[in-house]
Amino acid sequence: MWRLFLRIFRLLFATMASIRQHLEKLASSMLSGKLQILSAPEKPGLAYGIAQIVDNVESLEHMLKSLSTAKQIALDSEGISLGRTGKLCLLSVAPAPAPDAPPEMPAPVFLLDVTSLSTLAFTHKPGQPLPPGRGSRSRSRGTAGAASSGSGCGNSNGLRCLKEMLECPSVTKLFYDVRCDAEALYHQHGVSLKGVVDLQLSEVAYRRYGPVVRRVGYVIGLSKALESYLAPELRERWQATAVDKRLLHETFERDPMYWDRRPLSQEQVRYAADDVLYLHHLHREFTGALTPPIFERVALFSQYRVEDSQHEVVPTKEGFTGAGGGGGRGGSDPTRALAPPGL
């Protein structure tokens, strides 16, 4: 009996130490950058995460240092007619939680304000001198030019610009339908994504080769995937705090410049963070059910999507645009809803 009590005591001690460590990291982040606790005043509970708005060089350097050792990050972007045309305004970035992190610990989410930082969002490295005329808190409005050339995994001390991180194949990047994100990053900022896992394709593979094998003709959206695959506790948390996307899409229709307006509203922050908060959980669910050869095919087809998004737009005889579309989130090409036949 005393051995059982000893085991319980050791388990409680380890759990308390882990919580203390995460709280110390959280306190450090609150002192070094602007944090918004995601809450839902009209709904019960708290959103699963803390959003840190990155709109100046100080907070950008803090984000880059926080991501310097990350092996897996989840991303999503918002903008005006998001794609190869239009404008990328906001990039949500969420590193994977620590393996020993308790489920109740909030996951960090960085909201990179591309509208405010412009090209610096992708090219600035911690400690790097700023271009002439750019103060540490200056903000450059308007569409950014292409990022500097040069890619890879950065220098040996681990301090890289975001472009280098996104182009590093050894850092896994999780997206849910990467196509418009890849178009915007490449055609507007010269970022050629590497190491991408498109969870929309992981979901297709799960239905085709998972526990219950099915014929799959179409992809599904993120909301349906979260409803279908999140663990019950996480699903309840997501449902309690998620932004009503239908109403927000109506706002987009009324105000095309919605994502370019500053300062960001609490609703914008919650919407932007909501899409990436649970991608790591989805990834863990899918990879746990897929064999390594199938997962390798998912990664291969994910890279195909990225490469297609970098091609020049070629009008098709039906009037749609080929090679990734370019008509904003989701595009106007109905074939984008088809599940890849060879996956």
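Residue numbering for the sequence shown is -17 to -1, 1 to 326, as defined by mature numbering (1 follows the signal peptide of the UniProt record, and there is no 0). Note that the Cβ used here is the ideal one computed from N, Cα and C, for glycine as well.
Handout entry: Which listed residue (Lys54, Pro275, Arg67 and Glu41) has its alpha carbon closest to that of Cys136
Key = Taking the sequence shown and counting its residues from 1, the one referred to as residue 136 is at position 153. Checking every option, the nearest Cα to that of Cys136 belongs to Lys54.
Exercise for the section: Find out if the Cβ-Cβ distance for the pair Asp258, Ser42 is shorter than 8 Å. Expected result: Along the sequence shown, one-based indexing puts residue 258 at 275. Along the sequence shown, one-based indexing puts residue 42 at 59. Result no, Cβ atoms of Asp258 and Ser42 do not sit closer than 8 Å.
Problem - Proximity winner among Lys108, Arg197 and Ala34, relative to Ser51 (alpha-carbon distances) - result: On the sequence shown, position 68 is the one that residue 51 refers to. For Ser51, the nearest C-alpha among the options comes from Lys108.
Practice task
Specify the secondary structure class of Val226 as computed by DSSP and reduced to three states.
Solution key: Within the sequence shown, numbered from 1, the residue matching residue 226 stands at position 243. In this structure, Val226 counts as coil in the three-state DSSP scheme.
Exercise for the section: Let me know if His232 comes out buried or exposed under the rule of 16 or more other beta-carbons within 10 Å of its beta-carbon. Expected result: Counting from 1 along the sequence shown, the entry for residue 232 is found at position 249. With fewer than 16 other Cβ atoms within 10 Å, it is exposed.
Problem - Opening and closing residue of the beta strand (DSSP E) in which Val76 lies - result: Counting from one through the sequence shown, the residue named residue 76 turns up at place 93. Counting along the chain, Val76 sits inside the beta strand (DSSP E) bounded by residues Lys70 to Pro78.
Handout entry: Start-to-end residues for the alpha helix (DSSP H) that takes in Gln111
Key = Locating residue 111 in the sequence shown gives position 128, counting from the first residue. Per DSSP, Gln111 belongs to no alpha helix (DSSP H) and is neither H nor E.
Exercise for the section: Rounded to whole angstroms, what's the CA-CA distance from Ser64 to Lys70? Just pull it up for me. Expected result: Stepping through the sequence shown from its first residue, residue 64 is reached at position 81. Stepping through the sequence shown from its first residue, residue 70 is reached at position 87. In this model, Ser64 and Lys70 are separated by some 7 Å (Cα to Cα).
Practice task
Output yes or no for whether 8 Å exceeds the beta carbon distance between Ala77 and Ala57.
Solution key: Against the sequence shown, residue 77 aligns to sequence position 94. Against the sequence shown, residue 57 aligns to sequence position 74. Contact flag set, yes.
Problem - Ala90 and Pro82 closer than 8 Å at C-beta - result: The residue given as residue 90 occupies position 107 in the sequence shown. The residue given as residue 82 occupies position 99 in the sequence shown. Not in contact: Ala90 and Pro82 (Cβ atoms no closer than 8 Å).
Problem - One or two residues paired with Tyr201 in a DSSP bridge - result: Locating residue 201 in the sequence shown gives position 218, counting from the first residue. Per the DSSP secondary-structure output, Tyr201 pairs in a beta bridge with Leu321.
Handout entry: Which of helix, strand or coil DSSP assigns to Ser185
Key = In the sequence shown, residue 185 corresponds to position 202, counting from 1. Residue state, collapsed to three classes: helix.
Problem - Terminal residues of the beta strand (DSSP E) in which Ala90 lies - result: Taking the sequence shown and counting its residues from 1, the one referred to as residue 90 is at position 107. Where Ala90 is concerned, there is no enclosing beta strand (DSSP E), given that its DSSP letter is neither H nor E.
Practice task
Identify, in the order they occur along the chain, each residue of the same chain with its Cβ nearer than 6 Å to the Cβ of Ser123, setting aside the five sequence neighbours on each side.
Solution key: Stepping through the sequence shown from its first residue, residue 123 is reached at position 140. With a pLDDT of only 40 at Ser123, under the threshold of 50, the placement of this residue in the model should not be trusted; the figure read from the coordinates follows. Ser101.
Problem - Validate contact between the stretch 243 to 254 and the stretch 185 to 205 using beta carbons, cut 8 Å, 3 pairs - result: With a cut-off of 8 Å, the stretch 185 to 205 and the stretch 243 to 254 do not count as touching, because too few Cβ pairs lie within range.
Exercise for the section: Hey, could you find the ends of the beta strand (DSSP E) Glu61 is sitting in? Expected result: By one-based count along the sequence shown, residue 61 stands at place 78. First-last of the beta strand (DSSP E) with Glu61: Gln55 to Ile63.
Handout entry: Under the three-state DSSP convention, the category Asp316 falls into
Key = Translated into the one-based positions of the sequence shown, residue 316 becomes position 333. DSSP, reduced to helix, strand and coil, places Asp316 outside both helices and strands of the structure shown, so it counts as coil.
Handout entry: From Thr155, Gly178 and Arg197, residue whose alpha carbon lies closest to that of Val187
Key = In the sequence shown, residue 187 corresponds to position 204, counting from 1. Among Thr155, Gly178 and Arg197, the Cα nearest to that of Val187 belongs to Arg197.
Practice task
Ignore the nearest five residues each way along the sequence and tell me which others in Met240's own chain have a CB closer than 7 Å to its CB.
Solution key: As a position in the sequence shown, residue 240 is number 257, starting the count at 1. Closer than 7 Å at Cβ, skipping near neighbours: Ile63.
Handout entry: Per DSSP, cross-strand counterpart(s) of Leu217
Key = Here residue 217 corresponds to residue number 234 of the sequence shown, with the count starting at 1. Paired residues: none, contrary to the question.
Exercise for the section: Count the CB pairs spanning the stretch 212 to 226 and the stretch 259 to 272 that are closer than 8 Å, and state whether there are at least three. Expected result: Between the stretch 212 to 226 and the stretch 259 to 272 there are three or more inter-stretch CB-CB distances shorter than 8 Å, so the stretches are counted as touching.
Handout entry: Inter-residue spacing [alpha-carbon to alpha-carbon] between Gly229 and Trp242
Key = Position 246 of the sequence shown, counting from 1, holds the residue named residue 229. Position 259 of the sequence shown, counting from 1, holds the residue named residue 242. Looking at the sequence provided, one finds Arg at residue 229 rather than Gly. In this model, Arg229 and Trp242 are separated by some 16 Å (Cα to Cα).
Exercise for the section: Indicate whether Val180 and Ala282 have their beta-carbon atoms separated by less than 8 Å. Expected result: Taking the sequence shown and counting its residues from 1, one reaches residue 180 at position 197. Taking the sequence shown and counting its residues from 1, one reaches residue 282 at position 299. Yes, these two residues count as a Cβ contact at 8 Å.
Practice task
Sort Lys207, His170 and Ser175 by Cα distance to Lys156 and report the nearest one.
Solution key: Here residue 156 refers to the residue found at position 173 of the sequence shown. Checked all of Lys207, His170 and Ser175; the closest Cα to Lys156 is Ser175.
Practice task
Quick one: using the 10 Å Cβ neighbour count with 16 as the cut-off for buried, is Asp238 buried or exposed?
Solution key: Counted from its first residue, the sequence shown places residue 238 at position 255. Per the 10 Å Cβ criterion, exposed.
Handout entry: Residue burial classification, Thr318 (beta-carbon count within 10 angstroms, cutoff 16)
Key = Walking along the sequence shown from the start, residue 318 turns up at place 335. Exposed, by the Cβ-count rule.
Practice task
Specify, as a first and last residue, the run of the beta strand (DSSP E) that residue 343 falls within.
Solution key: As displayed, the chain neither begins before -17 nor continues past 326, which places residue 343 out of reach and without an answer.
Problem - Range covered by the alpha helix (DSSP H) that runs through Met148 - result: For the purposes of this step, residue 148 is taken as the residue at position 165 of the sequence shown. Leu145 to Leu149 is the span of the alpha helix (DSSP H), which, as asked, contains Met148.
Problem - Cβ separation of Thr98 and Cys144, assumed to be a contact under 8 Å, to the nearest whole Å - result: Numbered from 1 along the sequence shown, position 115 holds the residue referred to as residue 98. Numbered from 1 along the sequence shown, position 161 holds the residue referred to as residue 144. That pair is no contact at about 18 Å.
Exercise for the section: Count the other C-beta atoms from every protein chain shown that fall within 10 angstroms of the C-beta of Lys207, then say buried if there are 16 or more, exposed otherwise. Expected result: Taking the first residue of the sequence shown as position 1, residue 207 is located at position 224. Around the beta-carbon of Lys207, fewer than 16 other beta-carbon atoms lie within 10 Å, marking it exposed.
Problem - Alpha-carbon spacing of His190 relative to Leu113, whole angstroms - result: To locate residue 190, count along the sequence shown from 1; it is residue 207. To locate residue 113, count along the sequence shown from 1; it is residue 130. One point to set straight first is that residue 190 is Arg, not His, in the sequence displayed. The alpha-carbon atoms of Arg190 and Leu113 are separated by roughly 49 Å.
Practice task
Sort out for me which residues DSSP pairs Val180 with in a bridge.
Solution key: Here residue 180 refers to the residue found at position 197 of the sequence shown. Leu157, per the DSSP bridge assignment.
Exercise for the section: Output the distance between the C-alpha atoms of Phe303 and Pro276, rounded to the nearest integer angstrom. Expected result: Counted from its first residue, the sequence shown places residue 303 at position 320. Counted from its first residue, the sequence shown places residue 276 at position 293. Unreliable positioning characterises Phe303 in this predicted model, as indicated by a pLDDT of 39, which lies under 50. A coordinate reading is not provided.
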